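Below: the structure, in structure tokens.
Numbering (my numbering), first residue to last: 37 to 256.
Written as structure tokens, this is what we have:
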């Protein structure tokens with residue numbers, strides 16, 4: 037078999053192997069992620085979307101929500117704002133015409149498939165609420181690839197812009213959207229992960245190159 041054909045066969049085999057093992061995993065560290073939207077170019081836009089954001093992103097929500105919010109009291113989780121704009125579920129300006137409460141979901145669409153997505157999160161938390169946020173990784177057809185629910189409770193009303201990073205990584209570039217759900221949540225620093233070269237593919241190609249070189253050496 038010629039070298040070109042060997043490489044083609046390896047690529048096909050690797051593609052099949054990866055497609056059979058595609059899955060997303062929950063991550064709680066932003067290491068290896070790059071911020072693609074920090075909401076600093078927005079100033080309290082209240083919308084359901086779809087609304088274009090930076091770097092090919094767009095956002096939409098099932099209730100009126102705030103893009104570029106600049107102040108909110110999260111009670112036990114401190115305050116967000118203080119020179120740092122963010123996105124929040126619900127109309128944080130409390131206008132009667134767009135006030136639909138604060139229980140709902142916001143979906144961030146990335147414009148292209150990603151291997152990793154995440155963000156910084158917090159939520160309104162007092163003694164009567166759970167402080168739970170649910171996030172979901174969605175594919176291009178809006179199927180759920182992975183989901184997780186976590187609570188945010190810093191129990192410190194004097195904190196400023198404190199949050200938890202949560203997200204997902206996948207062994208294939210198949211994450212198209214990040215959906216966030218909860219009652220009174222806020223989100224900032226939407227991030228994506230650079231696309232890595234699959235380790236299995238590198239290993240397979242290096243083996244083929246080594247085999248081809250050895251066969252040429254023997255035949256010489």
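Glycine included, C-beta positions come from ideal geometry on N, C-alpha and C. Fair warning: this is a prediction, and the values are worked out from it, not measured in the lab.
Close beta carbons around residue i, own chain, < 7 Å, minus the five adjacent residues each side
i, result
"residue 132", "none"
"residue 198", "113, 114, 158, 190"
Neighbourhood of residue i by C-beta, 6 Å cutoff - its chain only, sequence neighbours within 5 removed
i, result
"residue 60", "173, 181, 182, 204, 206"
"residue 191", "112"
"residue 213", "143, 145, 174"
"residue 151", "206, 209, 229, 231"
Reduced DSSP secondary structure (H/G/I, E/B, other) of residue i
i, result
"residue 235", "Confidence in residue 235 is poor, its pLDDT being 49 and thus under 50, which makes the residue's placement unreliable; the coordinate value appears in the next sentence. Helix."
"residue 188", "coil"
"residue 156", "strand"
"residue 196", "strand"
"residue 99", "coil"
"residue 166", "coil"
The beta strand (DSSP E) enclosing residue i, as first and last residue numbers
i, result
"residue 224", "221 to 229"
"residue 140", "139 to 150"
Closer than 8 Å to chain D by CB, residue i
i, result
"residue 121", "As a matter of chain content, chain D is missing from the structure shown, which is built from one protein chain."
Through-space distance from residue j to residue i, alpha-carbon basis
i, j, result
"residue 222", "residue 67", "21 Å"
"residue 97", "residue 217", "10 Å"
"residue 91", "residue 166", "34 Å"
"residue 79", "residue 128", "12 Å"
"residue 103", "residue 215", "15 Å"
"residue 140", "residue 225", "20 Å"
"residue 121", "residue 74", "7 Å"
Closest Cα partner of residue i within the set the options
i, options, result
"residue 187", "84, 196, 70, 160", "160"
"residue 123", "185, 64, 220, 177", "220"
"residue 163", "107, 193, 84, 137", "193"
Spatial neighbours of residue i in its chain, beta-carbon cut-off 8 Å, leaving aside the 5 residues before and after
i, result
"residue 135", "100, 126, 127"
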